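S.K.: Residues 6 to 202 in my numbering are what the sequence shown spells out, letter by letter.
Using N, Cα and C, we set each Cβ at its ideal position, and we do this for glycine too.
Being a predicted model, the structure only gives us computed values, none of them experimental.
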Amino acid sequence: PPPAANDHCADAADIAGEGTFNFDTRGALTDGTASCDLTIGRDVWFDWTAPCAGDFNVSLCAGSTGDTIFNAYSSLACPPDQANEIACDDDGCGGVGGPSIANINGIAAGAHVLIRISHFGGSTGEQGAFVISRVGGSCGPTCPCDWNSSGSLNSQDFFDFLVSFFGGNADFNNSGTTNSQDFFDFLVCFFTPPTGC
Numbered sequence: 006p007p008p009a010a011n012d013h014c015a016d017a018a019d020i021a022g023e024g025t026f027n028f029d030t031r032g033a034l035t036d037g038t039a040s041c042d043l044t045i046g047r048d049v050w051f052d053w054t055a056p057c058a059g060d061f062n063v064s065l066c067a068g069s070t071g072d073t074i075f076n077a078y079s080s081l082a083c084p085p086d087q088a089n090e091i092a093c094d095d096d097g098c099g100g101v102g103g104p105s106i107a108n109i110n111g112i113a114a115g116a117h118v119l120i121r122i123s124h125f126g127g128s129t130g131e132q133g134a135f136v137i138s139r140v141g142g143s144c145g146p147t148c149p150c151d152w153n154s155s156g157s158l159n160s161q162d163f164f165d166f167l168v169s170f171f172g173g174n175a176d177f178n179n180s181g182t183t184n185s186q187d188f189f190d191f192l193v194c195f196f197t198p199p200t201g202c
């Protein structure tokens, strides 16, 4: 198959919060190196936004059986500088040297972390998933109208919501479609924020 859209560092896919995130390294090329293994191949990239402050675990064994390599960087600059590497894990899953769990520690709410998922050596790649979870429990109630997940509700959330709304990507009420009801529901949340905002 052709490489995924987030095959190159500069095209990192935006993800945010805790949860399960899918990846596909089949057909992917390789850019950069990893401090914990110099024989990496077939990498894909993510720009993860932390939902709250704290330490986070990343498990690649939730949906991966290959010999994966995980890297995290404190800067979104591409190609990543090894000086900005904050986590590196070269353990596989499914009996291949696992379990593959990395720690991203001391992250601020709203911080952006560049994540790379790659494979050992000459792997052909795979479809898989990784799970990001906060150490010591989830972040608690999140603010649904903190649209940009910055950790604070302000006018930038309103402007970012408008961009998403006019781009057809603002299904605020999870109805399956973006329409005027999403806009009205967002306004109610923005002007009368619930607990967690």
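Quick check: Asp176 and Thr183, are their CB atoms within less than 8 Å of each other?
M.R.: The answer is yes: Cβ separation under 8 Å.
S.K.: Roughly how many whole angstroms lie between the Cα atoms of Ile45 and Gln161?
M.R.: In a straight line, the C-alpha of Ile45 is about 39 Å away from that of Gln161.
S.K.: In the DSSP assignment, find the unbroken alpha helix (DSSP H) run with Phe3 in it and report its ends.
M.R.: Absent from the model: residue 3. The displayed extent of the chain is 6 to 202, so no value can be given.
S.K.: With distances taken between CB atoms, is the gap from Ser79 to Val118 smaller than 8 Å?
M.R.: Closer than 8 Å, so yes.
S.K.: Can the beta-carbon of Thr35 be found closer than 8 Å to that of Val49?
M.R.: Going by C-beta atoms, Thr35 is not nearer than 8 Å to Val49.
S.K.: Say whether the stretch 125 to 133 touches the stretch 46 to 66, bearing in mind that this needs 3 or more beta-carbon pairs closer than 8 Å, one atom from each stretch.
M.R.: They touch, by the three-pair rule.
S.K.: Could you tell me how far apart the beta carbons of Ala33 and Gly130 are, in whole angstroms, since I believe they sit closer than 8 Å?
M.R.: Their Cβ separation, rounded to whole angstroms, is 6 Å, which keeps Ala33 and Gly130 in contact under 8 Å.
S.K.: According to DSSP, is Asp52 helix, strand or coil?
M.R.: Correct three-state label for Asp52: strand.
S.K.: Expressed to the nearest angstrom, what Euclidean distance is found between the alpha-carbon atoms of Ala88 and Cys57?
M.R.: When rounded, the distance between both Cα atoms is 24 Å.
S.K.: For Val140, is the classification buried or exposed, using 16 other Cβ atoms within 10 angstroms of its Cβ as the cut-off for buried?
M.R.: The residue in question, Val140, is exposed, as its Cβ has fewer than 16 Cβ neighbours within 10 Å.
S.K.: Taking DSSP as the reference, what is the three-state secondary structure of Pro14?
M.R.: A small correction: the amino acid at residue 14 is Cys; Pro does not occupy that position in the sequence shown. In this structure, Cys14 counts as helix in the three-state DSSP scheme.
S.K.: Express the C-alpha separation of Ala10 and Asp16 in angstroms, rounding to a whole number.
M.R.: Going by the C-alpha atoms only, they are around 7 Å apart.
S.K.: In terms of residue numbering, what span does the alpha helix (DSSP H) encompassing Leu34 cover?
M.R.: Careful: Leu34 lies outside any alpha helix (DSSP H) and carries neither H nor E.
S.K.: Among Ala82, Cys41, Asp96 and Phe196, which has the Cα closest to the Cα of Thr73?
M.R.: Closest by alpha carbon: Asp96.
S.K.: Give me the residue from Gln132, Ala82, Ala55 and Cys148 with the minimum Cα distance to Gly71.
M.R.: Closest by alpha carbon: Gln132.
S.K.: State the Cα-Cα distance for the pair Arg121 and Phe166, rounded to the nearest angstrom.
M.R.: Their Cα atoms are separated by approximately 28 Å.
S.K.: Given a cut-off of 8 Å on the beta-carbon distance, is the pair Phe135 and Phe61 in contact?
M.R.: No, the pair does not count as a contact, with Cβ atoms beyond the cut-off.
S.K.: Tell me Ile74's beta-bridge partners as DSSP assigns them.
M.R.: In DSSP, Ile74 forms a bridge with Ser123.
S.K.: In this structure, how does DSSP classify Asn89 when only helix, strand and coil are distinguished?
M.R.: Helix at Asn89.
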